[in-house]
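Reading the sequence shown from the start, the letters are residues 127 to 246 in our numbering. So the structure is just underneath, and the comments pick up after that.
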Amino acid sequence: MSDIPLTEDPAVKAARCRVLEQLAGEPARDVIWRSCRTYFEGNKTVPLELLYSSKHQEKLMAQGSTFLGANQKVVIAQVAGTKQSVSDRLKELNQLTHDWQIQTRAYEAKTDAVASAGQL
């Protein structure tokens with residue numbers, strides 16, 4: 127994991143997710159770690175736990191300024207040198223994270239139902 131500022135790191139642009147599956151990729155997880163490092167260290171968790179646990183997602187989002195600040199830093203770095211506006215990219219990223227949360231909750235509900243039925 128790099129200590130280069132997000133705005134100067136080509137890996138941030140490489141982690142520019144457009145579809146849900148890209149959020150779980152290594153480049154995206156690295157950027158998630160770097161942009162939310164204080165949250166992860168304070169909660170003794172890692173990006174994979176955040177990605178696959180609605181509990182962790184809700185906890186991070188409840189810390190509004192932490193979540194919003196992380197998103198803004200990433201978005202500013204990703205649009206630097208492009209024609210896309212910060213607000214347009216922020217809308218895209220917010221939609222992706224919202225869709226990911228829905229997917230996570232659906233998966234948890236499905237696995238909980240299977241476990242309750244004694245099928246796990």
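In this text, a Cβ means the ideal position worked out from N, Cα and C, and glycines have one as well. Keep in mind that this is a model prediction, so the values were computed, not measured.
Take residue i and list the residues in its own chain whose beta-carbon comes closer than 7 angstroms to its own, dropping the five residues that flank it on each side.
{"i": "VAL138", "result": "LEU132, VAL157, VAL200, ALA203 and GLN204"}
{"i": "GLU234", "result": "SER180"}
{"i": "VAL150", "result": "Here residue 150 turns out to be Ala, not Val, going by the sequence shown. Here the set comprises LEU177."}
Which residue from the options puts its Cα closest to that of residue i?
{"i": "PRO173", "options": "ALA188, VAL212, SER191 and PRO153", "result": "PRO153"}
{"i": "PRO136", "options": "ARG231, LEU219 and ALA206", "result": "ALA206"}
{"i": "ARG155", "options": "GLU175, GLU167 and THR164", "result": "GLU175"}
{"i": "PHE193", "options": "ARG144, GLU134, SER211 and PHE166", "result": "PHE166"}
{"i": "HIS182", "options": "THR171, SER191 and LEU146", "result": "THR171"}
{"i": "LEU146", "options": "ASP214, TRP159, GLN210 and GLN221", "result": "GLN221"}
Are residue i and residue j closer than 8 angstroms when you measure CB to CB?
{"i": "CYS162", "j": "LEU177", "result": "no"}
At the level of alpha carbons, what is the spacing between residue i and residue j?
{"i": "ALA243", "j": "ILE228", "result": "23 angstroms"}
{"i": "THR208", "j": "VAL240", "result": "46 angstroms"}
{"i": "LEU216", "j": "ASN197", "result": "7 angstroms"}
{"i": "HIS224", "j": "GLU134", "result": "27 angstroms"}
{"i": "SER191", "j": "GLN210", "result": "24 angstroms"}
{"i": "TRP226", "j": "ASP214", "result": "19 angstroms"}
{"i": "GLN189", "j": "LYS236", "result": "27 angstroms"}
{"i": "GLY168", "j": "GLY195", "result": "16 angstroms"}
{"i": "GLN148", "j": "LEU219", "result": "12 angstroms"}
{"i": "VAL212", "j": "ASP238", "result": "38 angstroms"}
Counting C-beta neighbours from all protein chains within 10 Å, is the total for residue i 16 or more, i.e. buried, or is it exposed?
{"i": "ARG144", "result": "exposed"}
{"i": "ALA141", "result": "buried"}
{"i": "ARG107", "result": "There is no way to answer for residue 107, as the model of the chain reaches only from 127 to 246."}
Can you name, in chain order, every residue of its own chain whose Cβ lies under 8 angstroms from the Cβ of residue i, other than the five neighbours on each side?
{"i": "THR164", "result": "THR192"}
{"i": "TRP159", "result": "MET127, PHE166, VAL172 and PRO173"}
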